[in-house]
Amino acid sequence: MASPQRIAVPMHGGQRGHPVIIGRQFWPTLLTLEGDQGAKALIMNNPEVCDVLNCDDPGILRDADTPSALAQACAQYLKPRHD
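Note that the working numbering has the sequence shown beginning at 6, numbered continuously upward.
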């Protein structure tokens with residue numbers, strides 16, 4: 006990250022994705038947040054410091070923050086592709 010005062014937000018098709026990279030300045034605030042919506046509020050409340058990174062990969066939209074979601078994501082990515 007170029008600056009500890011910035012937030013990098015990946016986007017695909019107009020949707021925010023993962024991972025969001027949050028600058029060091031915001032780490033103390035992150036420690037006070039609770040629940041799945043906490044970091045989202047940080048991003049929404051600080052649009053002036055957010056850098057949008059447009060990505061071609063729809064995989065950034067997958068949120069794997071539970072063991073079952075991670076298992077599902079791994080199964081999807083390890084599936085043979087027939088391009």
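Beta carbons: idealized from backbone N, C-alpha and C, even for Gly.
In terms of residue numbering, what span does the alpha helix (DSSP H) encompassing residue i cover?
{"i": "Ala46", "result": "Gly43 to Met49"}
{"i": "Ala76", "result": "Pro72 to Leu83"}
{"i": "Thr37", "result": "Per DSSP, Thr37 belongs to no alpha helix (DSSP H) and is neither H nor E."}
Whose C-beta lies closer than 8 Å to the C-beta of residue i among residues of the same chain, with five residues either side of it excluded?
{"i": "Ala44", "result": "Val25, Ile27, Leu35 and Leu38"}
{"i": "Ser8", "result": "Gly28"}
Put residue i into one of helix, strand or coil per three-state DSSP.
{"i": "Val25", "result": "coil"}
{"i": "Pro9", "result": "coil"}
Look up residue i in the DSSP assignment and give the residues it is bridged to.
{"i": "Asp56", "result": "Ala13"}
{"i": "Asp20", "result": "Looking at the sequence itself, residue 20 is Gln, so the reference to Asp does not match. For Gln20, which the question treats as bridged, DSSP gives the partners His17."}
Once the 5 residues before and after residue i are set aside, which same chain residues still bring their CB inside 6 Å of it?
{"i": "Glu53", "result": "none"}
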